[in-house]
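To start, the structure itself, in structure tokens.
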Amino acid sequence: MRFYIGIFANMLYNGYNIELIQKRGVQMAKIIAIANQKGGVGKTTTAVNLSACIAEMGNKVLLIDIDPQGNSTSGIGLEGAKEGRGIYDVLINGLTIEEVLVKAKTVENLDVVPSSIALAGAEIELVSFMAREHVLKGALSQIEALYDYVFIDCPPSLGLLTVNALTAANNILVPIQCEYFALEGLSQLINTVKIIKQRLNPSLEVEGVVMTMFDARTNLSLQVVDEVKKFFKERVYTTVIPRNVRLGEAPSFGLPITKYDPKCIGAEAYRDLAIEFVGDFGGSYE
Ligand SMILES: Nc1ncnc2c1ncn2[C@@H]1O[C@H](COP(=O)(O)OP(=O)(O)O)[C@@H](O)[C@H]1O
Ligand SMILES: [Mg+2]
């Protein structure tokens with residue numbers, strides 16, 4: 002009880018939207034890092050489209066783009082960081098998330114913390130910081146009562162940016178591409194998760210694995226799904242994301258798939274994944 006009063010007092014002190022807090026109570030957001038140190042496996046596509054679908058279901062969602070390449074930022078239709086500000090300024094210059102977030106133009110209930118090219122330097126700049134692995138977690142603790150879900154789109158590496166995401170997160174969502182060597186490198190990710198659990202974030206879990214770019218015309222895709230299921234068992238989502246040209250086109254229009262082509266199979270798949278994902282959390286909070 003004292004814990005909740007403390008959080009509430011803290012939020013009042015920080016000038017948060019009291020009405021919103023009263024409505025929502027002090028339920029904390031589920032924070033999910035979308036991670037896999039392989040590039041091109043569908044992290045960003047999943048971050049943008051899952052965030053959009055879950056927001057469209059009526060949940061308050063925050064999407065944080067912690068990849069210097071900024072593909073989530075442009076994929077959701079933002080030019081770049083607001084006034085040049087973004088997650089870099091939160092990590093390095095001590096700005097709050099509220100100061101840098103931007104509302105997604107085309108999706109209600111979705112806020113975005115943009116990336117910027119400056120973020121490429123953050124990996125090195127963070128090294129000399131005190132509690133350098135906890136910087137993002139600290140920033141998120143001020144706003145997590147305002148959202149139902151926070152998604153963090155990680156870069157394709159296991160450096161300090163990803164470590165910050167995994168330290169801040171409750172869960173990890175791992176996209177795996179249906180291709181040869183799909184499992185290659187995953188032991189490294191699992192090992193990193195183990196170390197972070199031991200040292201930085203004891204409650205971190207792999208929430209789920211989503212198979213991406215599934216091609217129904219090939220046996221290979223089916224074989225890869227089988228292989229991954231042997232390894233991750235029931236943590237693999239029933240929903241599989243098909244290879245779909247529209248999913249590849251949508252980012253160049255700055256639109257999530259549900260706005261670009263709401264009826265295509267890619268949009269259907271991400272809507273199904275959103276339902277399965279939210280269902281895993283029982284649609285409620287602890
Ligand atoms: N299901 C899909 N069908 C077709 N193209 C896809 C699909 N998922 C991702 N892509 C495309 O594949 C490329 C890599 O995906 P991306 O989400 O950027 O991966 P990551 O963030 O892991 O590097 C992008 O050009 C993206 O548009
Ligand atoms: Mg990406």
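For the record, in the sequence shown the residue sitting at position 139 is 140 according to the working numbering, with numbers rising by one throughout.
Using N, Cα and C, we set each Cβ at its ideal position, and we do this for glycine too.
In this text, all values refer to a predicted model and were calculated from it rather than measured experimentally.
Contact between residue 39 and residue 171 does not hold, since their C-beta atoms are separated by about 23 Å, which reaches or exceeds 8 Å. Residue 209 carries a strand assignment under DSSP once its states are collapsed to helix, strand and coil. Of all C-beta pairs linking the segment 35 to 50 to the segment 183 to 192, three or more are shorter than 8 Å, placing the two stretches in contact. For residue 198, the enclosing alpha helix (DSSP H) begins and ends at 187 to 200. Put simply, the segment 230 to 247 does not touch the segment 54 to 73. Fewer than three CB pairs are less than 8 Å apart.
Here residue 127 has 133, 161 as same chain residues with Cβ atoms under 6 Å from its own Cβ, once five neighbours each way along the sequence are excluded.
Residue 59 is classed as exposed because its beta carbon has fewer than 16 other beta carbons within 10 Å across all chains shown. When C-beta atoms of the segment 42 to 62 are compared with those of the segment 249 to 257, three or more pairs fall below 8 Å, so the two segments count as touching. In the DSSP assignment, the residues bridged to residue 114 are 65. Each of 242, 222, 125, 280 was checked against the Cα of residue 268, and the nearest Cα belongs to 242. Per DSSP, the continuous beta strand (DSSP E) segment holding residue 172 begins and ends at 172 to 178.
Contact between the segment 206 to 214 and the segment 222 to 233 is present: three or more C-beta pairs spanning the two stretches fall below 8 Å. Residue environment: residue 272 is assigned as buried (16 or more neighbouring CB atoms within 10 Å of its CB, all protein chains considered). Straight across, the Cα-Cα distance linking residue 166 with residue 153 is about 7 Å. In the structure shown, residue 153 falls within a strand segment according to DSSP collapsed to helix, strand and coil. Closest by C-alpha distance to residue 148, out of 282, 96, 111, is 111. In the three-state reduction of the DSSP assignment, residue 183 falls in the coil class, being assigned neither a helical nor a strand state.
Secondary structure of residue 44 (DSSP, three-state): helix. Using a 10 angstroms sphere on the CB of residue 233, the tally of other CB atoms reaches 16 or more, which defines it as buried. Nearest to residue 146 by alpha-carbon distance, out of 99, 108, 155, is 99.
Counting only runs of 4 or more residues that sit fully inside the segment 241 to 280, the alpha helix (DSSP H) segments are 246 to 250, 258 to 261, in chain order. Here the distance from the Cβ of residue 69 to the nearest heavy atom of ligand 1 is not below 7 Å. Across the set 139, 77, 61, the C-alpha of 139 shows the shortest separation from the C-alpha of residue 97.
Residue environment analysis places residue 52 among the buried positions, since at least 16 neighbouring C-beta atoms fall within 10 angstroms of its C-beta. Checking the DSSP bridge columns, you'll see residue 215 partnered with 243.
According to DSSP, residue pairing for residue 237 in a beta bridge involves 210.
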